[in-house]
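Residue numbers (my numbering): 12 to 291.
Remarks on the structure that follows.
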């Protein structure tokens with residue numbers, strides 16, 4: 012039986028700058044196993060030898076398991092060490108872990124994605140699945156908000172590629188626009204875009220990821236618009252350390268985010284303590 016704590020060795024094959032503090036890393040595995048199969052919303056434990064581990068959501072195309080893509084923001088010692096690496100350097104990968112976005116439940120329905128900041132990483136596989144299978148969903152509407160135009164990740168894909176997917180609508184907003192910066196989209200928090208939602212609340216599923224305070228006010232706004240709380244799903248990416256539900260670091264009431272989540276319906280979340288994604 013394989014030890015679940017021992018990571019697979021992987022080599023960095025590509026690094027793409029997204030913003031001043033966010034990069035997308037591509038990895039290929041050194042062992043003889045095939046790449047990595049996963050479901051949208053799952054995460055891996057990324058090891059930087061000599062520094063530790065960090066839980067990172069998978070941002071890959073699940074139809075291409077030959078490599079792994081992770082979009083990472085530089086926020087601590089582990090991610091700081093990752094940013095010092097270059098193509099050809101090795102890391103460790105454990106996983107994938109956790110549950111997934113209920114993509115199959117959304118097939119034949121309208122799908123609304125509400126995203127804040129780096130939350131786009133965990134939802135990128137959903138967008139790519141829609142790109143590869145444009146007839147699976149009746150429609151997809153993406154609302155993505157960031158602090159400034161410079162904080163938008165995957166910007167060229169939002170504006171040039173994903174907006175051209177059939178039955179897809181992408182709306183972007185930023186909190187503020189620095190002086191002498193070109194910006195043709197909305198200005199305001201992501202909920203500002205709710206006034207322009209075309210998705211029908213009666214037949215839609217909603218996937219939300221971003222800072223917890225952003226998810227809180229997104230849920231409030233969506234409930235006011237008539238969206239079903241059973242069909243609103245949030246990714247609670249927080250404080251995950253072991254990935255196996257053993258250390259208790261990510262405990263949320265009776266749930267472990269790494270094992271029972273990280274994806275929870277709003278109906279589940281509103282009965283759990285120690286979180287702020289509430290509509291009351």
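Where is the CB? At the ideal position from N, CA and C, for every residue including glycine.
Residue of the options minimising C-alpha distance to residue i
{"i": "residue 52", "options": "79, 110, 269", "result": "110"}
{"i": "residue 220", "options": "40, 93, 134", "result": "134"}
{"i": "residue 213", "options": "84, 77, 120, 274", "result": "120"}
{"i": "residue 209", "options": "167, 231, 61, 154", "result": "154"}
{"i": "residue 268", "options": "248, 42, 281, 159", "result": "248"}
{"i": "residue 67", "options": "23, 90, 234", "result": "90"}
{"i": "residue 123", "options": "25, 211, 263", "result": "211"}
{"i": "residue 58", "options": "189, 186, 100, 27", "result": "100"}
{"i": "residue 230", "options": "263, 196, 188, 280", "result": "280"}
{"i": "residue 28", "options": "222, 164, 148, 278", "result": "164"}
{"i": "residue 132", "options": "266, 246, 178, 86", "result": "246"}
{"i": "residue 147", "options": "179, 17, 240", "result": "179"}
{"i": "residue 54", "options": "86, 242, 76, 108", "result": "108"}
{"i": "residue 239", "options": "278, 206, 228", "result": "278"}
{"i": "residue 183", "options": "125, 266, 88, 140", "result": "125"}
{"i": "residue 78", "options": "228, 23, 86", "result": "23"}
In DSSP terms, what residue i is bridged to
{"i": "residue 180", "result": "152"}
{"i": "residue 28", "result": "34"}
{"i": "residue 64", "result": "58"}
{"i": "residue 41", "result": "According to DSSP, residue 41 bridges with nothing at all."}
{"i": "residue 140", "result": "Looking at the DSSP assignment, residue 140 forms no beta bridge with any residue, so it has no partner."}
{"i": "residue 274", "result": "246"}
{"i": "residue 218", "result": "124, 244"}
{"i": "residue 262", "result": "267"}
{"i": "residue 23", "result": "38"}
{"i": "residue 101", "result": "22"}
{"i": "residue 79", "result": "38"}
{"i": "residue 84", "result": "33"}
{"i": "residue 108", "result": "54"}
Distance, residue j Cα to residue i Cα
{"i": "residue 103", "j": "residue 56", "result": "8 Å"}
{"i": "residue 176", "j": "residue 142", "result": "6 Å"}
{"i": "residue 115", "j": "residue 276", "result": "15 Å"}
{"i": "residue 63", "j": "residue 92", "result": "9 Å"}
{"i": "residue 45", "j": "residue 71", "result": "15 Å"}
{"i": "residue 225", "j": "residue 127", "result": "7 Å"}
{"i": "residue 174", "j": "residue 14", "result": "43 Å"}
{"i": "residue 12", "j": "residue 166", "result": "Confidence is the limiting factor: at residue 12 the pLDDT is only 45, short of 50, which leaves the residue's position unreliable and the question unanswerable from this model."}
{"i": "residue 138", "j": "residue 61", "result": "35 Å"}
{"i": "residue 105", "j": "residue 65", "result": "10 Å"}
{"i": "residue 150", "j": "residue 233", "result": "18 Å"}
{"i": "residue 217", "j": "residue 244", "result": "6 Å"}
{"i": "residue 264", "j": "residue 112", "result": "21 Å"}
{"i": "residue 189", "j": "residue 41", "result": "44 Å"}
{"i": "residue 169", "j": "residue 152", "result": "12 Å"}
{"i": "residue 223", "j": "residue 237", "result": "21 Å"}
{"i": "residue 196", "j": "residue 19", "result": "42 Å"}
{"i": "residue 241", "j": "residue 215", "result": "11 Å"}
{"i": "residue 273", "j": "residue 282", "result": "16 Å"}
{"i": "residue 118", "j": "residue 191", "result": "43 Å"}
{"i": "residue 17", "j": "residue 129", "result": "28 Å"}
{"i": "residue 187", "j": "residue 69", "result": "29 Å"}
{"i": "residue 194", "j": "residue 172", "result": "18 Å"}
{"i": "residue 26", "j": "residue 206", "result": "37 Å"}
{"i": "residue 76", "j": "residue 235", "result": "39 Å"}
{"i": "residue 270", "j": "residue 140", "result": "24 Å"}
{"i": "residue 228", "j": "residue 199", "result": "13 Å"}
{"i": "residue 87", "j": "residue 94", "result": "10 Å"}
{"i": "residue 181", "j": "residue 37", "result": "25 Å"}
8 Å contact criterion, which residue i and residue j should meet: CB distance rounded
{"i": "residue 161", "j": "residue 33", "result": "Contact flag wrong, Cβ pair sits at about 10 Å."}
{"i": "residue 39", "j": "residue 21", "result": "6 Å"}
{"i": "residue 156", "j": "residue 83", "result": "About 20 Å; that fails the 8 Å criterion."}
{"i": "residue 80", "j": "residue 35", "result": "6 Å"}
{"i": "residue 73", "j": "residue 145", "result": "16 Å between Cβ atoms; not a contact."}
{"i": "residue 185", "j": "residue 159", "result": "5 Å"}
Residue-level contact to chain B via CB, residue i, 7 Å cutoff
{"i": "residue 49", "result": "Absence of chain B from the displayed structure is noted, only one protein chain being present."}
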